[in-house]
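Here the structure is laid out as structure tokens; the discussion comes afterwards.
There are 2 protein chains.
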Amino acid sequence: MSSTDVDAPVAGGPGATRTRDDVVAAAGRLFAQRGFHGTSMRDLGEELGMLGSSLYSHVQGKNELLVEVIGRGAEFFNGVVTDATMADGPAVDELRHLVYGHVHVVVEHIDEARTFLFESRFLPEADRLKIVAMRDAYEEAYRSAIERAEEEGSLVQGIDARMTAIFILSVLNALIRWYRPSGKRQPADIAEEMWAFIAGGILAGDTR
Amino acid sequence: MSSTDVDAPVAGGPGATRTRDDVVAAAGRLFAQRGFHGTSMRDLGEELGMLGSSLYSHVQGKNELLVEVIGRGAEFFNGVVTDATMADGPAVDELRHLVYGHVHVVVEHIDEARTFLFESRFLPEADRLKIVAMRDAYEEAYRSAIERAEEEGSLVQGIDARMTAIFILSVLNALIRWYRPSGKRQPADIAEEMWAFIAGGILAGDTR
DNA sequence: CGCGACCAAACGAACGATCGTTCGTTTGTG
DNA sequence: CACAAACGAACGATCGTTCGTTTGGTCGCG
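Below you can see the structure in the form of structure tokens.
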């Protein structure tokens with residue numbers, strides 16, 4: 002699964018040694034649940050069955066963990082853009098692929114996605130700026146697809162690309178808040194319902 | 002403006018005495034910016050030009066400030082529901098009023114709204130439960146309006162009220178993240194663009 | 001096969017800093 | 001003079017982090 006699993010013994014058993022990956026994953030879990038400032042190194046140690054001081058065998062400090070977790074989240078979302086912009090069909094299809102990909106990332110990596118979205122402001126300034134730039138690029142991918150779809154005549158006339166990108170991402174990002182793995186809805190169903198809302202709105206055809 | 006302004010001297014001047022309202026407002030500002038756990042009582046004191054310990058002349062503790070700020074946010078949003086559900090026109094109009102009212106609250110009370118949305122999880126358990134219940138009721142107001150609009154035939158057929166309420170609130174709540182008072186868009190314009198998105202989606206009429 | 005050397009991982013005490021909070025004192029205004 | 005507001009030192013707790021020590025598994029070598 003991960004590149005460092007070679008070093009990992011049985012994993013989970015008492016006395017089992019933890020890898021850096023385990024530490025980062027647990028950090029993502031706690032940062033997502035309690036927030037960065039609401040999580041102490043001792044909390045994190047307890048989550049992993051060790052002392053807080055023991056974490057320093059794996060990472061240099063708490064900030065490094067935040068950088069690492071958010072960096073992973075950013076990579077996941079970046080991957081979606083890369084995938085969606087490869088094929089060259091109608092721009093509307095690209096937009097739909099972006100939406101489905103986003104839902105997939107949130108469902109599969111909810112802790113990293115949550116930390117990415119909610120805790121980025123606590124990053125060291127240099128890292129924060131990188132993440133802000135990355136988020137701008139992500140939004141730009143949506144704007145670009147919207148503008149092209151507009152030129153192709155697929156969208157309602159006079160639509161504002163910037164604002165529309167924000168609205169679509171609003172629906173997508175909120176998934177982080179309400180999605181529960183225990184829910185009965187499958188990820189694909191969620192993406193489908195979201196796309197139906199984004200594409201057609203809620204009003205009946207003969208009333209608008 | 003507020004009910005306790007009677008006690009407030011010139012306000013702002015050096016040596017001016019602060020009211021409890023000033024303290025709660027400043028707390029809202031800092032909690033919204035840096036998060037509850039990212040704000041210390043000494044930070045808050047500095048924001049008001051006094052020592053952290055001096056705050057205890059106005060409030061009992063830090064938690065009380067969080068409860069107070071979030072309580073105010075909750076009241077603002079509750080007021081919107083009260084207003085929107087008073088008139089008895091078409092359910093779609095009620096829905097539109099809810100949307101416009103929500104935008105208005107976020108624009109006018111962004112710090113309280115931000116704290117309400119992002120920091121509620123750090124409330125003392127008893128208060129947290131109240132806020133959760135209040136949020137459920139808020140969502141229920143949307144669901145109810147959607148269901149009635151559906152019965153009135155105003156919405157696309159087979160729409161899921163629960164999911165639709167979530168989507169609409171997703172667009173609305175995200176305003177908290179991107180709205181800047183310095184932006185050129187007027188609140189009414191924002192609400193109008195949001196409603197256009199929610200009502201009609203993005204696809205051109207002849208492509209869906 | 002057994003055994004000692006090695007080494008990463010975890011421990012646990014301790015550091016200075018900062019946290020929320022308390023309380024006796026000072027200040028300034030009505 | 002009275003009283004609310006702010007001060008400022010101090011409290012115990014907890015924070016992130018350091019560091020010398022202990023542990024337990026792996027590997028080379030006889």
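Read top to bottom, the protein sequences are chains Z and H. In terms of this note's numbering, the first sequence is residues 2 to 209. In terms of this note's numbering, the second sequence is residues 2 to 209. Quick reminder that beta carbons are idealized off the backbone N, C-alpha and C, glycines included.
Exercise for the section: Measure the Cβ-Cβ separation of residue 45 of chain H and residue 53 of chain H and say whether it is below 9 Å. Expected result: yes
Handout entry: Closer than 9 Å to chain H by CB, residue 174 of chain Z
Key = yes
Handout entry: Any 3 or more C-beta pairs closer than 8 Å across the segment 185 to 193 of chain H and the segment 191 to 198 of chain Z
Key = no
Practice task
Can you say whether residue 67 of chain H is buried or exposed, counting buried as having 16 or more other CB atoms within 10 angstroms of its CB?
Solution key: buried
Practice task
List the DSSP bridge partners of residue 156 of chain H.
Solution key: Z/204
Practice task
Give a yes or no on whether 9 Å exceeds the smallest Cβ distance from residue 138 of chain Z to chain H.
Solution key: no
Exercise for the section: Label residue 141 of chain Z either buried or exposed according to how many other C-beta atoms from any shown protein chain fall within 10 Å of its C-beta, with 16 as the threshold for buried. Expected result: exposed
Exercise for the section: Could you list the residues in the segment 192 to 209 of chain Z with a C-beta less than 8 Å from some C-beta on chain H, going in chain order? Expected result: 194, 195, 198, 199, 200, 201, 202, 203, 204, 205, 206, 208, 209
Practice task
Going by CA-CA distance only, name the one from H/69, H/137, H/129, H/108 that's closest to residue 183 of chain H.
Solution key: H/108
Practice task
Note the first and the last residue of the continuous alpha helix (DSSP H) segment covering residue 49 of chain Z.
Solution key: Counting along the chain, residue 49 of chain Z falls outside any alpha helix (DSSP H), and DSSP gives it neither H nor E.
Exercise for the section: For residue 40 of chain H, name the three-state secondary structure that DSSP assigns. Expected result: coil
Problem - Contact between the segment 85 to 93 of chain H and the segment 151 to 166 of chain H (3+ Cβ pairs under 8 Å) - result: yes
Exercise for the section: Locate the alpha helix (DSSP H) running through residue 57 of chain Z, then write down its first and last residues. Expected result: Run containing residue 57 of chain Z: none; DSSP gives neither H nor E here.
Exercise for the section: Pull up the distance between the alpha-carbon of residue 98 of chain H and that of residue 111 of chain H, whole angstroms please. Expected result: 19 Å
Exercise for the section: Look at the alpha carbon of residue 147 of chain Z and the alpha carbon of residue 145 of chain H, and state the distance between them as a whole number of angstroms. Expected result: 32 Å
Practice task
Please list, in chain order, all residues of the same chain as residue 25 of chain H whose beta carbon is under 7 Å from its beta carbon, the five residues on each side excluded.
Solution key: 66, 69, 70
Handout entry: Any C-beta of chain H under 9 Å from that of residue 187 of chain Z
Key = no
Problem - Contact set between residue 165 of chain H and chain Z, taken where Cβ atoms lie within less than 8 Å - result: 198, 203
Practice task
Could you confirm whether any beta carbon from chain Z is found closer than 9 Å to the beta carbon of residue 81 of chain H?
Solution key: no
Handout entry: Unbroken alpha helix (DSSP H) run spanning residue 110 of chain H, endpoints
Key = It is not in any alpha helix (DSSP H) - residue 110 of chain H carries neither H nor E in the DSSP assignment.
Problem - Inter-residue Cα distance where the pair is residue 133 of chain H and residue 42 of chain Z - result: 29 Å
Handout entry: Cβ pair residue 123 of chain Z, residue 62 of chain H closer than 9 Å
Key = no
Exercise for the section: Enumerate in chain order the residues of its own chain whose CB-to-CB distance from residue 113 of chain Z is below 7 Å, with the five nearest sequence positions on each side excluded. Expected result: 29, 70, 73, 74, 77
Handout entry: Any C-beta of chain H under 9 Å from that of residue 161 of chain Z
Key = yes
Problem - DSSP-derived helix/strand/coil call for residue 139 of chain Z - result: helix
Problem - Contacts of residue 1 of chain H in chain Z (Cβ-Cβ under 8 Å) - result: There is simply no residue 1 of chain H to check, as chain H begins at 2 and stops at 209 in what is shown.
Practice task
Can you check the segment 69 to 130 of chain Z for any alpha helix (DSSP H) of at least 4 residues that lies completely inside it and give the ranges in chain order?
Solution key: 92 to 109, 111 to 119
Exercise for the section: Look at the Cβ atom of residue 82 of chain Z, then the Cβ atom of residue 138 of chain Z, and state whether they are nearer than 9 Å. Expected result: yes
Practice task
Give the range of the alpha helix (DSSP H) segment to which residue 184 of chain H is assigned.
Solution key: From DSSP, residue 184 of chain H is part of no alpha helix (DSSP H); its letter is neither H nor E.
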